[in-house]
Amino acid sequence: MDRAELDNIAACRAGRLQAFDALYELHVSAVYKFLYRRTQVREVAEDLTSITFTKALESIRSFDPARGELRAWLYRIARNALIDHHRHAGEHVIGLEHAEDLPGDDTVTRRAEQAIDAQKLQEALKILKPLQREVVLLRIWEELSYKEIAVVTGKTEGNCKLMFFRALAQLRTALIVVFLLLSS
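Note that my numbering gives residue 401 to position 122 of the sequence shown, counting from 1, and the numbers run on in steps of one.
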């Protein structure tokens, strides 16, 4: 965390809630994308983002910068809000964003290839246990460190590393099978 972020956290914890605006502006986009990738519904992602920051504001005094990054703490709050949402709605968490949102050039052929590849990857991700899938998505799509993933999931850093590498091994095998099945 940079000095300005630490200063804003300290100001919030001291009761100067205007400092929360700067923290919100710094992290709102990442939190929204994190939630949108899992819900694929703009309105739900927006609502959950709002819930996340409301809960963060309510509990900012409990955040300890010595224990981890603010981003990881916010992702943990977002994850819990998402779990609550799915529990009440009776749904399962979705892990991938829409294929049209994937990076790449704008040619029609390339976009079609990306859509097919995203479909294959989504099929392969289904073989993972939900927590494994979440660790993979946090590491690859959200670019979190293992330490941050540990904060988000409530697991140890070593456990997160182990889950990630085991999941990658399973995905390697599954992708070969999925690519063969979907290509035929």
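All C-beta atoms in this analysis are idealised placements derived from N, C-alpha and C, irrespective of residue type, glycine included.
Flag this pair as yes or no: are the beta carbons of Gln449 and Ile406 separated by less than 9 Å? In the sequence shown, the residue the question calls residue 449 occupies position 170. In the sequence shown, the residue the question calls residue 406 occupies position 127. It is a contact, given that the beta carbons lie within the stated cut-off.
By Cβ distance below 8 Å, which residues in the same chain neighbour Leu349 in space, the five residues on each side in sequence not counted? Counting from 1 along the sequence shown, the entry for residue 349 is found at position 70. Within the same chain, Leu349 has close Cβ partners Met280, Glu284, Ile288, Leu302, His306 and Phe342.
DSSP-derived helix/strand/coil call for Trp420: For this step, residue 420 is matched to residue 141 along the sequence shown. DSSP places Trp420 in coil when its eight states are reduced to three.
Answer yes if the region 307-321 comes into contact with the region 289-296, meaning at least three C-beta pairs across the two stretches below 8 Å, and no otherwise. No, because fewer than three Cβ pairs between the region 289-296 and the region 307-321 fall closer than 8 Å, the two stretches do not touch.
Range of the contiguous alpha helix (DSSP H) that encloses Asp300: To locate residue 300, count along the sequence shown from 1; it is residue 21. Following the DSSP letters along the chain, one finds Asp300 inside the alpha helix (DSSP H) bounded by residues Ala298 to Thr318.
Nearest-angstrom Cα separation, counted from Ser338 out to Ala446: The residue you call residue 446 lines up with position 167 of the sequence shown. The residue you call residue 338 lines up with position 59 of the sequence shown. Those two C-alpha atoms are separated by around 33 Å.
Can you tell me the Cα-Cα spacing of Thr452 and Leu400, whole angstroms? Here residue 452 corresponds to residue number 173 of the sequence shown, with the count starting at 1. Here residue 400 corresponds to residue number 121 of the sequence shown, with the count starting at 1. In this model, Thr452 and Leu400 are separated by some 12 Å (Cα to Cα).
When the cut-off is 9 Å and only beta carbons count, does Gly433 lie next to chain C? Any reference to chain C falls outside this structure, which holds one protein chain only.
Quick check: the Cα distance between Lys440 and Arg355, rounded to an integer number of angstroms? The sequence position of residue 440 within the sequence shown is 161, counting from 1. The sequence position of residue 355 within the sequence shown is 76, counting from 1. So the two alpha carbons sit approximately 18 Å from each other.
Count the other CB atoms within 10 Å of the CB of Ala345; is the residue buried (16 or more) or exposed (fewer)? Stepping through the sequence shown from its first residue, residue 345 is reached at position 66. Exposure of Ala345 is indicated by the presence of fewer than 16 other C-beta atoms within 10 angstroms of its C-beta.
Should Phe444 be labelled buried (16 or more other beta-carbon atoms within 10 Å of its own) or exposed? Walking along the sequence shown from the start, residue 444 turns up at place 165. Looking at its Cβ environment, which holds fewer than 16 other Cβ atoms inside 10 Å, Phe444 is exposed.
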